[in-house]
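In my numbering, the protein residues as written are 10 to 126.
Have a look at the structure below before the remarks.
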C-alpha cells in the first residue's frame, strides 16, 4: 500500500498525532504509535464541529430575540419557537440569559454540549 497517497480517516473521538499523523484517541497525551507527547492546542471557544462560543454569545445578544443563536448552535426546534414567539419579547429575555450562560461557560462545557450537533 502506498502511504504517500493514502487518505487517513479518524472517528469522532479521535485526532491525528502531531508528529506521525496516526489517528489516536482525542484524550491521548502520548501517541501509542510513535511515542511523541501531544501538545494540547487551545480551541479558543470553538467546538469540535466548528461552532464558536463567542460568536454564539454575540448572536444571542444581538439577534437572540428571533432565535438566530439557536439556529447557529443546531437547536432548530428552539430557534423556530423563538421566532414564532418573538413578538412577546419572552425569547429576548431568554436570549439574554443564554448570552450570559454562553459567556461564563467553559470551552470544554461548550464543546460537550454543542460540539456533537
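Glycine residues also receive a C-beta, built at the ideal position from the N, C-alpha and C atoms.
Exposed unless 16 or more other CB atoms sit within 10 angstroms - verdict on residue i
i: residue 103; result: buried
i: residue 22; result: exposed
i: residue 118; result: exposed
Bounding residues of the alpha helix (DSSP H) (the contiguous stretch that carries residue i)
i: residue 122; result: 116-123
i: residue 105; result: 99-113
Residue of the options minimising C-alpha distance to residue i
i: residue 94; options: 60, 78, 74, 67; result: 74
i: residue 189; options: 26, 105, 82, 107; result: Given that the chain is displayed from residue 10 to residue 126, the structure contains no residue 189 and the question cannot be resolved.
Length of the line joining the Cα atoms of residue i and residue j
i: residue 11; j: residue 34; result: Per-residue confidence for residue 11 stands at a pLDDT of 47, beneath the threshold of 50, marking its modelled position as unreliable; no derived number is given.
i: residue 40; j: residue 19; result: 14 angstroms
i: residue 122; j: residue 114; result: 10 angstroms
i: residue 26; j: residue 97; result: 51 angstroms
i: residue 130; j: residue 38; result: Only positions 10 to 126 of the chain appear in the structure, and residue 130 is not among them; the question remains open.
* Can you list, in chain order, the stretches of the alpha helix (DSSP H) that have 4 or more residues and sit fully within the stretch 13-93? -> Qualifying alpha helix (DSSP H) stretches, in chain order: 62-72, 77-81, 85-93.
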